[in-house]
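Q: Residue numbers (full-length UniProt numbering): 1 to 424.
1. Between residue 415 and the rest of its own chain, which residues show a CB-CB distance below 6 Å, the 5 nearest in sequence each way excluded?
2. Determine whether the beta carbon atoms of residue 392 and residue 112 lie at a separation below 7 Å.
3. Does residue 304 come out as helix, strand or coil in the three-state DSSP assignment?
4. Is it right to say residue 19 is buried, meaning 16 or more other beta carbons lie within 10 angstroms of its own, or is it exposed?
5. Could you spell out the range, first to last residue, of the alpha helix (DSSP H) harbouring residue 1?
6. Whole angstroms are fine: how far does the CA of residue 238 sit from the CA of residue 397?
7. How many Å lie between residue 400 and residue 98 at the Cα?
8. With residue 365 as the anchor, note down where its alpha helix (DSSP H) starts and where it stops.
9. What does DSSP give as the partner residues of residue 215 in its beta bridges?
10. How would you write the range of the beta strand (DSSP E) that residue 196 sits in, first residue to last?
11. Can you list, in chain order, the residues of its chain with a C-beta nearer than 6 Å to that of residue 207? Leave out the 5 residues immediately preceding and following it.
12. Under the three-state reduction of DSSP, which class applies to residue 131: helix, strand or coil?
13. Nearest to residue 362 by alpha carbon, out of 313, 322, 345 and 394?
14. CA-CA distance, residue 166 and residue 394?
15. If you measure between the beta carbons of residue 320 and residue 300, is that distance less than 7 Å?
16. Hey, quick one: how far does the beta strand (DSSP E) through residue 203 stretch, first residue to last?
17. Given 8 Å as the limit, is there contact between the segment 324-344 and the segment 10-30, that is, 3 or more CB pairs closer than that?
18. Would the C-beta of residue 376 count as close to the ligand PLP, meaning under 6 Å from any of its heavy atoms?
19. Any Cβ of chain C within less than 7 Å of the Cβ of residue 221?
20. Do three or more CB pairs link the segment 157-174 to the segment 186-201 at distances below 8 Å?
21. Does residue 191 pass the burial test, meaning 16 or more other C-beta atoms within 10 Å, or should it be called exposed?
22. Excluding five sequence neighbours on each side, which residues of the same chain lie with their C-beta closer than 6 Å to the C-beta of residue 61?
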């Protein structure tokens with residue numbers, strides 16, 4: 001029997017956990033949080049971004065989200081608008097609306113989906129009496145030390161996001177080069193996010209606004225408080241969309257009402273139509289967050305004291321540029337690549353070692369990580385590239401081309417393949 005220890009119960013860790021349990025693999029999950037703590041305790045308020053998932057990335061039979069399926073369909077989105085806007089050149093604005101393939105996309109609040117996934121992983125009924133063993137006392141370094149000393153698992157997976165254990169993995173300078181900006185400098189992003197309830201409809205179900213100052217993403221989402229819209233402002237440090245910097249400059253504390261007001265101020269010029277809609281909407285105070293993200297890539301395998309090894313997963317290894325809008329798809333895709341490799345070895349009676357872990361990460365990177373990096377570059381360079389401007393001008397006039405662009409949000413390989421070769 002293959003035994004797997006997963007350290008961390010975020011999106012990627014929980015996706016992998018349920019996937020392995022479905023294949024009859026024994027899983028121990030080390031995370032200090034219970035499902036109830038994730039959902040309701042004040043100290044576990046929203047701490048991660050809410051980004052869309054494709055309908056085909058999550059298996060409903062083990063996701064634990066099936067109880068919310070009918071309500072989630074109320075906020076699923078089929079159409080996406082891209083608006084390319086430069087406040088200094090209003091006459092050059094471009095707008096296109098594309099339709100997503102299949103059933104479209106959906107977004108669940110991180111607290112809700114992680115609560116459901118952890119509940120599903122520890123439910124003996126869903127997993128034929130063999131659920132995950134949830135160990136709350138072991139986490140981060142203590143779990144890794146325990147795994148190394150006791151050899152409690154054949155495979156140790158680190159899925160702690162940007163936790164301290166993630167820093168044990170070496171940086172991958174070659175792959176990270178695709179995530180850097182001009183002059184090879186890290187492309188640091190600031191993100192401000194909040195959920196708004198009762199937002200009146202716009203021209204499309206979801207909206208992406210790109211400007212020289214950054215990007216704004218508005219996506220329907222199902223939250224602990226019901227249907228809402230997730231609004232994200234993605235900018236650069238100290239830029240017009242850096243709401244935290246605006247508050248610091250004014251000597252104002254980052255209270256939800258202050259961040260809300262600052263978001264509206266930032267949107268007044270960049271997205272006046274969305275600004276007006278948000279004026280009449282209600283903000284969820286527990287959803288307001290500001291953060292700084294530096295895209296990075298780390299090598300997938302780390303050696304443990306005593307000769308063991310561990311494999312990283314999800315944003316422990318790869319933090320994508322939020323401007324690509326691909327973070328939501330990264331967790332299930334990374335979990336699928338690693339999970340499928342583990343399951344194949346398990347069924348064939350072969351050991352899963354560092355070489356297999358490296359190959360699984362390479363499959364994920366080729367399938368999603370690298371195309372997502374190309375998409376982020378496209379977003380960043382649109383306002384400086386005449387070829388990219390011509391590309392989107394064509395999409396604005398051709399509905400079929402616009403639909404292809406929308407499909408690229410679901411699968412960045414499609415969008416990366418559409419971009420002019422000179423801009424990839």
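The beta-carbon is built from N, C-alpha and C at its ideal position, and this holds for glycine as well.
A: Quick answer:
1. Cβ within range, chain order: 375 and 408.
2. If you check the CB distance, residue 392 and residue 112 do not come in under 7 Å.
3. Coil, per DSSP.
4. Result: buried.
5. Here residue 1 belongs to no alpha helix (DSSP H), and DSSP marks it neither H nor E.
6. In this model, residue 397 and residue 238 are separated by some 36 Å (Cα to Cα).
7. C-alpha of residue 400 to C-alpha of residue 98: approximately 8 Å in a straight line.
8. The continuous stretches of alpha helix (DSSP H) do not include residue 365, and DSSP gives it neither H nor E.
9. Residue 215 is bridged to 210 and 234.
10. Element bounds for residue 196: 189-197.
11. Result list for residue 207: 81 and 218, in chain order.
12. Residue state, collapsed to three classes: coil.
13. Minimum Cα distance to residue 362 is reached at 313.
14. Linking residue 166 to residue 394 through their CA atoms gives a straight-line distance of about 43 Å.
15. Taking 7 Å as the Cβ cut-off, residue 320 and residue 300 do not qualify as a contacting pair.
16. First-last for residue 203: undefined, no H or E at that position.
17. They touch, by the three-pair rule.
18. What this structure holds is no ligand at all, so the ligand PLP is not there to describe.
19. In summary, chain C is missing from the structure at hand, where a single protein chain is found.
20. Fewer than three Cβ pairs drawn from the segment 157-174 and the segment 186-201 lie within less than 8 Å of each other, which leaves the two stretches out of contact.
21. So residue 191 counts as buried.
22. Bear in mind that the predicted position of residue 61 carries a pLDDT of just 45, short of 50, making it unreliable; the figure below should be weighed with that in mind. Correct list: empty, nothing qualifies.
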